[in-house]
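First comes the structure, then the notes that go with it.
Protein chains: 2
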Amino acid sequence: MKTSLGAKTLAYPTPVFIVGTYDAHGRPNAMAVAWGGICCSKPPCVAISVRKATYTYGNLVERQAFTVSIPSEAHVVAADYFGLASGRDVDKFVAAGLTPVRSDLVDAPYVAEFPLVLECNVVHVHELGLHTLFAGEIVDVKAEETCLDADGRLSAELVRPFSWAPGNNAYYALGERLGSAFSVGKVFGTKDS
Amino acid sequence: MKTSLGAKTLAYPTPVFIVGTYDAHGRPNAMAVAWGGICCSKPPCVAISVRKATYTYGNLVERQAFTVSIPSEAHVVAADYFGLASGRDVDKFVAAGLTPVRSDLVDAPYVAEFPLVLECNVVHVHELGLHTLFAGEIVDVKAEETCLDADGRLSAELVRPFSWAPGNNAYYALGERLGSAFSVGKVFGTKDS
């Protein structure tokens with residue numbers, strides 16, 4: 015039996031993207047963003063939505079570039095902090111003891127200690143309401159070599175990403191592997207069967 | 015040490031949204047969408063990106079409405095199937111043995127058996143390249159009563175959502191709880207400390 019919860023932003027899983035930008039003075043900032051996800055395959059693009067009130071918003075408009083650093087479960091405390099403090103008040107990298115690295119491809123910094131990084135140039139900006147959606151074209155993805163499997167593929171089990179759950183407002187680790195995608199569903203038939 | 019993987023759509027966690035639409039004949043369809051996420055808090059909106067070649071694309075343009083049904087880990091096989099077959103060729107609900115329910119709020123069907131449903135009207139359409147992003151305003155969220163905790167809040171641990179991992183192309187269950195959001199990071203300081 016389903017019950018109505020109203021018009022709310024409840025969906026799972028929700029990412030914890032750490033969005034890196036430079037401010038007008040060239041100071042690195044990082045902010046936790048849960049409203050986002052990949053939005054196009056060609057060109058490869060990722061969408062992030064931020065409020066105009068954030069320090070990151072001004073940096074995005076000014077620099078037209080950002081990175082998405084994806085933390086491992088070991089970094090959950092720092093990632094949460096990136097969503098609590100504002101770059102207007104404090105250098106969050108210094109406070110969290112993390113290292114900003116200047117991207118050599120886009121005008122933005124990423125988090126050295128996090129295992130997976132997307133380097134992006136802003137290609138579309140859409141005002142949606144409280145949030146503005148920035149679509150960034152992904153010009154490169156960088157990963158720790160320790161996160162590649164024996165076939166050289168990026169492995170979620172080695173990255174150990176985590177998600178944020180709206181509703182009960184908690185972070186969750188990656189759980190057990192349930193099966194291969196574009197595969198287990200063939201039991202119900204495919205185009206060719 | 016980080017290594018370059020090229021300009022690719024690699025990010026974690028990636029959702030498995032089952033997007034429900036009606037076609038021109040009023041037949042229900044459902045499609046698995048991994049490129050999407052919440053994109054605005056006010057009005058509450060969710061973004062989904064689909065290729066023009068999909069049957070869902072035409073349905074979205076015609077009906078200007080969709081639902082997002084979020085499957086539990088028990089539904090991983092059916093969810094994968096929704097990403098393999100096309101509504102042009104087959105009634106996927108019938109093939110997967112699932113039940114389409116007409117939303118009483120938007121012109122789209124949802125999956126009765128899945129625990130969490132977002133009912134949406136299209137409010138923005140953005141051409142990004144291979145994919146088109148549809149932002150839908152969430153007019154209601156419906157959840158199984160069994161997915162609410164003792165405080166009446168939606169609980170990820172009761173929904174049991176899963177994610178898709180690009181790279182190694184597998185589905186993963188929700189893992190262990192790592193901590194409370196907007197809380198564990200206070201160790202590094204907050205605006206008021």
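Line by line, the protein sequences are chains A and B.
To convert, count from 1 in the first sequence and add 14; that's this note's numbering.
To convert, count from 1 in the second sequence and add 14; that's this note's numbering.
The beta carbon of each residue, even a glycine, is placed where N, CA and C say it ideally should be.
Whether residue i touches residue j by CB criterion (7 Å)
i	j	result
A/P27	B/P123	no
B/I84	B/P180	no
A/C161	A/V173	yes
B/A44	B/F96	yes
A/V60	A/Y71	no
B/S86	B/P42	no
A/V75	A/I62	no
A/N135	A/V120	yes
Cβ-Cβ separation, residue j to residue i (assumed contact under 8 Å), whole Å
i	j	result
A/A170	B/Y186	6 Å
B/A126	B/T113	4 Å
B/N183	A/S55	Not confirmed; about 14 Å, so no contact.
B/A109	A/G203	6 Å
B/V198	A/V90	6 Å
Residue nearest to residue i in terms of C-alpha spacing, selected from the options
i	options	result
A/Y283	A/A157, A/L192 and A/V82	Past the edges of chain A, shown from 15 to 207, lies residue 283 of chain A, and the structure says nothing about it.
B/G143	A/L98, A/E151 and A/G143	A/E151
A/C53	B/T68, B/L24 and B/T70	B/L24
A/G34	A/G193, A/Q78 and A/A157	A/Q78
A/D118	A/A46, A/V155, A/V139 and A/A67	A/V155
B/L189	A/F107, A/G199, A/W178 and A/V137	The sequence given here places Gly at residue 189 of chain B; Leu does not occur at that position. Closest option to B/G189, Cα to Cα, is A/W178.
B/L19	A/N73, A/T204 and A/L168	A/L168
A/D103	A/H89, A/T68, A/V90 and A/V136	A/T68
B/E158	B/F148, B/K16 and B/L132	B/L132
A/K22	B/H39, B/A99 and B/P57	B/P57
B/F196	A/D94, A/K16, A/A38 and A/G40	A/D94
A/D105	A/D165, A/V201 and A/G40	A/G40
A/D32	A/T17, A/D165 and A/F107	Reading off the sequence shown, one finds Ile at residue 32 of chain A, where the question assumed Asp. The option with the nearest alpha carbon to A/I32 is A/F107.
B/K66	B/D163, B/K200, B/R191 and B/V139	B/V139
A/K200	B/D165, B/D163, B/L98 and B/F148	B/L98
B/F148	B/G101, B/N73, B/M15 and B/A38	B/N73
Three-way DSSP call (helix, strand, coil) for residue i in this model
i	result
A/H145	strand
B/R77	helix
B/G193	strand
A/T70	helix
A/E87	helix
B/A187	strand
B/G104	Looking at the sequence shown, residue 104 of chain B is not Gly but Val. Three-state result, B/V104: coil.
A/V136	strand
A/V198	helix
A/S207	Model confidence at A/S207 stands at a pLDDT of 43, short of 50, so the residue's coordinates are unreliable and nothing is read from them.
Of all the alpha helix (DSSP H) runs that stay within the bounds of the region 150-179 of chain B, which reach a length of 4 or more residues?
Scanning the region 150-179 of chain B for uninterrupted alpha helix (DSSP H) segments of 4 residues or longer gives 170-173, listed from N- to C-terminal end.
Those runs of the beta strand (DSSP E) which lie wholly inside the region 21-63 of chain B and span at least 3 residues:
Considered as a whole, the region 21-63 of chain B harbours 31-36, 42-47 and 50-54 as its complete beta strand (DSSP E) runs of no fewer than 3 residues, in chain order.
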